[in-house]
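Visitor: I have a structure here, written as structure tokens, and I will follow up with some questions on it.
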Amino acid sequence: MDTKTVLLELRTQKGLSQDELAEKVFVTRQAVSRWENGETIPNTETLKLLSKFFDVSINTLLGSPRQLICQCCGMPLDDSTVSKETDGNFNEEYCKWCYTDGEFKYSSKEQLIDFCVEHMANENWPAEQVRAHMEAVVPKLNHWK
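Numbering (this note's numbering), first residue to last: 294 to 438.
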């Protein structure tokens, strides 16, 4: 889905007119119309306002152009799992389980890996395989470099 479709759907889901949305994010109705017609896309600051207003990530507003993964644990991210800063803005680098209210939950790679092994291992994915996978992935993530 592209930005114009995402914005139109989010606006109509909230039952807002173009004028009402424009007022909420401090732009003109014509700007909203141009976004929804695919003529332009919102600037960075407006994307941040739209993200907060609609409670979706900027990545979603842009049509999910890239697959986000948590840079602490490697889990795929979507709007329901991405973390938020204390001001309510999305932090698209981390999941809500690794980073919450401006703080990281795990103080070491080993602590994270032990937690994941304990909670991810099952009959189809034994603990040894989970550990091997996490030990291969975690050190490559930005948070642990």
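Built from N, CA and C at the ideal position, the CB exists for glycine as well.
Considering residue 389, what are the terminal residues of the beta strand (DSSP E) in which it resides?
Guide: Within the sequence shown, residue 389 is the residue found at index 96, counting from 1. Note, residue 389: premise wrong, no beta strand (DSSP E); not H, not E.
Visitor: Can you tell which of 341, 351, 430 has the C-alpha that lies nearest to the C-alpha of residue 295?
Guide: In the sequence shown, counting from the first residue as 1, residue 295 sits at position 2. Checked all of 341, 351, 430; the closest Cα to residue 295 is 351.
Visitor: If the criterion is Cβ atoms closer than 8 angstroms, does the pair residue 388 and residue 431 meet it?
Guide: By one-based count along the sequence shown, residue 388 stands at place 95. By one-based count along the sequence shown, residue 431 stands at place 138. Result no, Cβ atoms of residue 388 and residue 431 do not sit closer than 8 angstroms.
Visitor: So, is residue 329 buried or exposed, given that buried needs 16 or more other C-beta atoms within 10 angstroms?
Guide: Locating residue 329 in the sequence shown gives position 36, counting from the first residue. Counting Cβ neighbours within 10 Å, residue 329 comes out buried, since at least 16 surround it.
Visitor: Compare the C-alpha of residue 327 against each of 297, 319, 360, 372 and name the closest.
Guide: What you label residue 327 is simply residue 34 of the sequence shown in a count that begins at 1. Of the candidates 297, 319, 360, 372, the one whose C-alpha sits nearest the C-alpha of residue 327 is 297.
Visitor: If you draw a straight line from the alpha carbon of residue 424 to that of residue 363, how long is it in whole angstroms?
Guide: Within the sequence shown, residue 424 is the residue found at index 131, counting from 1. Within the sequence shown, residue 363 is the residue found at index 70, counting from 1. Taking the straight line from one Cα to the other gives about 17 angstroms.
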